[in-house]
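Position 194, counted from 1, in the sequence shown is what the numbering used here calls 194; the numbers after and before it change by one each time, with no gaps.
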Amino acid sequence: MSYEPLTLGVALSDNERTRPLIQGRIALKGMRWQVTVVHPSEMFWRQLRFADFDVSEMSLATLAIALSRGERRWVALPIFTTRFFSHTQIMIRDDRGITRPEDLKGKRIGVPEYQQTSAVWSRGVLQHEFGVQPTDVEWFMERGADRSHGGATGFQPPPGVRLHQIPPSTDIGEMMIRGELDATLLYLTDRNLVDRSRVDVNAAARVRTLFADPAAEGRRYFEKTGIYPINHAVVVKRELLERHPWLAINLYHAFADAKADVEREANESIKSLYDTGAIVERPAALEKADPKSYGLKSAGRVVETVLGYVHEQGLSARRVTLEEMFAPQTLDL
């Protein structure tokens, strides 16, 4: 007896670990995908507002906030498609006396959306590494309620947080150029239906990154904490997973195969350089445990950290647990 594959509407951002799936290079078991490539800002808004896709990436912070308030449409899988050191992307004006993170106290700081995961990570690092509390600064948020994660999850500024809405007539980039902001926690210029900044602030004479060497700060933070921040996990509609419990493991393996495919190509490129003498020493990073691994056994502490930050920063009604966020079939992966 033969069975028809389950057809799924899937939304993915275009990055190195999802590209093999987007390009159809990975065999799917029991599934047929209709893939939409979309920017994460728009993807999350569409999922939270309209549930457009059966499977998609999702902001970890926003998922935690939604779960804490009783929203149970989505189940997470421990597939972490986007990881980066968010705090190293903070940008400042160099005429505001900001030479170190502690100097952000009392400043006017932009943020695309206050509750987005990268903002949660940056505030957590600023607080725990440099003593800058969320209440120490004045925040200016670009996204309005109609095109934001928070508009779908009932966001309100946490107690003590001074948060202003940037009017639709301007944006973070323009305010940075004019000097109406001293810094911005994150800056997004990719064209999508949610984010509206377009100015290239990197070309502005008075704007630079907070950390003179962002890569070095990322290495410092990782070596000290062992944390490689996770921004996005993959979610599947709960009603779909309840009808087809096998989906959780099959989806996990599909994404894991895509990740392995990318890493195999990268390792082959490095091996080629090594074999030809272009490099004479194998990079030490290749000998260490994978800092970008999927599964909760290796990444659970990182997820627990951001869930703690979400609650600590007054964004979730309670602290969400791994067990209620992730599919039970995947808790031991």
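From the three backbone atoms N, C-alpha and C, an ideal C-beta is built for every residue, glycine too.
Classify Arg143 as buried or exposed, calling it buried when 16 or more other Cβ atoms lie within 10 Å of its own Cβ.
Counting Cβ neighbours within 10 Å, Arg143 comes out buried, since at least 16 surround it.
Straight-line gap, Trp121 to Thr184 (C-alpha atoms, nearest Å):
14 angstroms
Determine the closest residue to His311 out of Arg32, Ile65, Leu6, with distance taken between C-alpha atoms.
Ile65
Just how far apart, CA to CA, sit Asp332 and Met325?
14 angstroms
Run of the alpha helix (DSSP H) containing Thr62, from where it starts to where it stops
Counting along the chain, the alpha helix (DSSP H) containing Thr62 begins and ends at 60 to 68.
Burial state of Ser169, where buried means 16 or more other Cβ atoms lie within 10 Å
Residue environment analysis places Ser169 among the exposed positions, since fewer than 16 neighbouring C-beta atoms fall within 10 angstroms of its C-beta.
Specify whether the segment 3 to 18 and the segment 53 to 67 touch according to this definition: at least 3 beta carbon pairs, one from each stretch, less than 8 angstroms apart.
yes
Expressed to the nearest angstrom, what Euclidean distance is found between the alpha-carbon atoms of Met176 and Leu240?
If you take the alpha carbons of Met176 and Leu240, they lie about 44 angstroms apart.
C-alpha gap between Met43 and Glu217, whole angstroms:
30 angstroms
What does DSSP give as the partner residues of Glu57 in its beta bridges?
Val234
May I ask you to report which of helix, strand or coil DSSP gives Glu138?
It is a strand residue.
Can you tell me the Cβ-Cβ gap for Thr82 and His232, rounded? I've got them flagged as a contact below 8 angstroms.
4 angstroms
So, with DSSP's three-state summary, where would you put Ile166?
coil
What three-state label does DSSP hand Gly226 in the structure shown?
coil
Give me, in chain order, the residues of the same chain whose beta-carbon lies closer than 6 angstroms to that of Thr117; leave out the 5 immediate sequence neighbours on both sides.
Ser59, Leu60, Ala61, Asn231
Using a threshold of 8 angstroms, state whether the C-beta atoms of Ala119 and Leu186 are closer than that.
In contact: Ala119 and Leu186 (Cβ atoms closer than 8 angstroms).
Thinking just about the alpha-carbon of each residue, which of Tyr114, Val302, Val137 is nearest to the one in Gly154?
Tyr114
Sub-8 angstroms separation of His164 and Phe130 beta-carbons
no
If we count the other Cβ atoms within 10 Å of its Cβ and call it buried at 16 or more, is Val236 buried or exposed?
buried
What does DSSP give as the partner residue(s) for Gly110 in the beta ladder?
Phe140, Thr184
Which class does Arg32 belong to by DSSP, given the choice of helix, strand or coil?
It is a strand residue.
What residue range does the alpha helix (DSSP H) around Gly9 cover?
From DSSP, Gly9 is part of no alpha helix (DSSP H) but of the beta strand (DSSP E) over 6 to 12.
Helix, strand or coil at Arg318 according to DSSP, with G and I counted as helix
In the structure shown, Arg318 adopts coil according to DSSP, grouped into three states.
Taking 6 angstroms as the limit between beta carbons, can you name the residues of its chain near Tyr309, skipping five residues before and five after?
Val120, Gly124
Since Arg238 contacts Arg73 with CB under 8 angstroms, what's their CB separation in whole angstroms?
6 angstroms
Spatial neighbours of Ser197 within its chain, please: C-beta separation below 7 angstroms, excluding the five flanking residues on both sides.
Around Ser197: Glu142, Asp171, Ile172, Gly173, Tyr187, Leu188, Thr189.
Given Ala203, which residues of its chain have a CB within under 8 angstroms of its CB, disregarding the five upstream and five downstream residues?
Same-chain partners within the cutoff: there are none.
Are the beta-carbon atoms of Asp136 and Gly97 separated by less than 8 angstroms?
No, Cβ-Cβ distance for Asp136 and Gly97 is not below 8 angstroms.
Below 8 angstroms between beta carbons: does that hold for Arg178 and Asp94?
no
Would you kindly report the start and end of the unbroken beta strand (DSSP E) that includes Phe80?
74 to 83
Would you please state the rounded distance, in angstroms, between the beta carbons of Val234 and Leu251? I believe it to be under 8 angstroms.
7 angstroms
Verify whether the separation of the beta carbon atoms of Leu181 and Pro101 is less than 8 angstroms.
no
With Tyr294 and Phe80 assumed to form a contact (beta carbons below 8 angstroms), what rounded beta-carbon distance in angstroms separates them?
6 angstroms
Helix, strand or coil for Val199 per DSSP?
In this structure, DSSP gives Val199 a state outside helix and strand, which the three-state scheme calls coil.
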